[in-house]
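In the numbering used here, the protein residues as written are 390 to 567. We treat Cβ as the ideally placed atom computed from N, Cα and C, and that holds for glycine. Please read these numbers as outputs of a predicted model, since none were measured by experiment. Written out below as structure tokens is the structure these notes cover.
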Amino acid sequence: MICRILLSLGSCVFGSFVVNVTQTSYQAEENHNITLEWTFTVETGRSPTYLNIYCDLVTDDKSSLLYRVHNGAEVSESQDEKFSGRVQSDKDALREGRIRLQLCRLGTEDSGQYRCEVNTDYGSRSASCRLNVTAATDQRSTSPPQEERKDWKIIIIVLTAGALLLALLCCAFYLGSC
Ligand SMILES: *[C@@H]1O[C@H](CO)[C@@H](O)[C@H](O)[C@H]1NC(C)=O
Ligand SMILES: *[C@@H]1O[C@H](CO)[C@@H](O)[C@H](O)[C@H]1NC(C)=O
Ligand SMILES: *[C@@H]1O[C@H](CO)[C@@H](O)[C@H](O)[C@H]1NC(C)=O
Numbered sequence: 390m391i392c393r394i395l396l397s398l399g400s401c402v403f404g405s406f407v408v409n410v411t412q413t414s415y416q417a418e419e420n421h422n423i424t425l426e427w428t429f430t431v432e433t434g435r436s437p438t439y440l441n442i443y444c445d446l447v448t449d450d451k452s453s454l455l456y457r458v459h460n461g462a463e464v465s466e467s468q469d470e471k472f473s474g475r476v477q478s479d480k481d482a483l484r485e486g487r488i489r490l491q492l493c494r495l496g497t498e499d500s501g502q503y504r505c506e507v508n509t510d511y512g513s514r515s516a517s518c519r520l521n522v523t524a525a526t527d528q529r530s531t532s533p534p535q536e537e538r539k540d541w542k543i544i545i546i547v548l549t550a551g552a553l554l555l556a557l558l559c560c561a562f563y564l565g566s567c
């Protein structure tokens, strides 16, 4: 009996609350958007008395706040200004224990380790994922060949039209001479 109580207490304190990442690493290109996702345990039929979430980008020497929930409500004040207006959260997902954060207009400086720490009255954990943003490939380098191809198309059309006109004229002459 005591053993059972201790066991369930143990799993309650140490084992039952988890925070997962749905993907350990993300790859994206500059100027694109990406959705980072974490999941955490929600006990069915019981909403947490309090829910605090703290998500940040951790680079070598500092931490930049990406997203924060305090007592169940989103707080934007302390968000790092480099993320200002670029983070969109999914509030419906949050109720189901999913932190879905869309980060818009990515820049290479957004690369790094993203960590979310979740605190509830039944547990506290954190999980991290990596984001690698690569510089956009230069669009201009691919356009000249396309333009060249367009030029060729025009030349072929003009030549074909010219040949048809010539054939038509010859035909008219031939018919006229009859
Ligand atoms: C990125 O997200 C913004 C806002 O949600 C949207 O307007 C834009 O089309 C998206 N861009 C890409 C490349 O998905
Ligand atoms: C976390 O991951 C473990 C192992 O994949 C899985 O069993 C568990 O259901 C996940 N929990 C949540 C809340 O996503
Ligand atoms: C980021 O992606 C580029 C291109 O795929 C790759 O060469 C580079 O090694 C990646 N960097 C990290 C830190 O994963």
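Endpoints, the beta strand (DSSP E) within which residue i is located
i                 : result
alanine 524       : Segment: none, alanine 524 is in no beta strand (DSSP E) and carries neither H nor E.
threonine 433     : Neither: threonine 433 is in no beta strand (DSSP E) and is coded neither H nor E.
serine 487        : The question names serine, yet the displayed sequence has arginine at residue 487. Run containing arginine 487: 487-492, per the beta strand (DSSP E) assignment.
phenylalanine 472 : Taken as a continuous stretch (DSSP letters only), phenylalanine 472 belongs to no beta strand (DSSP E), as it is neither H nor E.
threonine 380     : Residue 380 is absent from the structure shown; the chain starts at 390 and stops at 567.
serine 467        : Serine 467 -> no beta strand (DSSP E), and no H or E assigned at all.
Sub-7 angstroms separation of residue i and residue j beta-carbons
i             : j              : result
glycine 496   : leucine 446    : no
threonine 523 : glutamate 418  : yes
glutamine 416 : asparagine 521 : yes
glycine 486   : threonine 433  : no
valine 407    : threonine 430  : yes
arginine 519  : serine 414     : yes
alanine 525   : asparagine 460 : no
Beta-carbon proximity list for residue i, same chain, < 7 angstroms, skipping 5 on both sides
i             : result
serine 467    : Leu454, Arg457
aspartate 450 : none
threonine 448 : Gly501
6 angstroms CB neighbourhood of residue i in its chain, flanking five on each side removed
i             : result
serine 405    : none
valine 464    : Arg457
threonine 531 : With a pLDDT of 49 at threonine 531, under the threshold of 50, the modelled position of that residue is not reliable, and no figure is offered here.
tyrosine 443  : Arg457, Glu506
glycine 399   : With a pLDDT of only 42 at glycine 399, under the threshold of 50, the placement of this residue in the model should not be trusted; the figure read from the coordinates follows. Within the same chain, glycine 399 has no close Cβ partners at all.
serine 452    : Asp445
N-terminal and C-terminal residue of the alpha helix (DSSP H) that residue i is part of
i            : result
arginine 484 : 480-484
Burial state of residue i (16 or more Cβ within 10 Å)
i                 : result
phenylalanine 562 : exposed
glycine 512       : buried
arginine 504      : buried
tryptophan 541    : exposed
tyrosine 439      : exposed
alanine 516       : buried
leucine 557       : exposed
isoleucine 488    : buried
leucine 553       : exposed
For residue j and residue i, believed in contact at Cβ under 8 angstroms, the rounded distance
i              : j              : result
serine 478     : leucine 490    : 6 angstroms
asparagine 508 : asparagine 441 : 4 angstroms
leucine 492    : aspartate 499  : 7 angstroms
Close-in-space but distant-in-sequence residues of the same chain around residue i (CB under 8 angstroms, 5 per side omitted)
i              : result
isoleucine 394 : With a pLDDT of 44 at isoleucine 394, under the threshold of 50, the modelled position of this residue cannot be trusted, and the question is left open.
Cutoff 7 angstroms: residue i Cβ touching any chain C Cβ
i             : result
glutamate 418 : Considering every chain present, this structure includes no chain C. It has just one protein chain.
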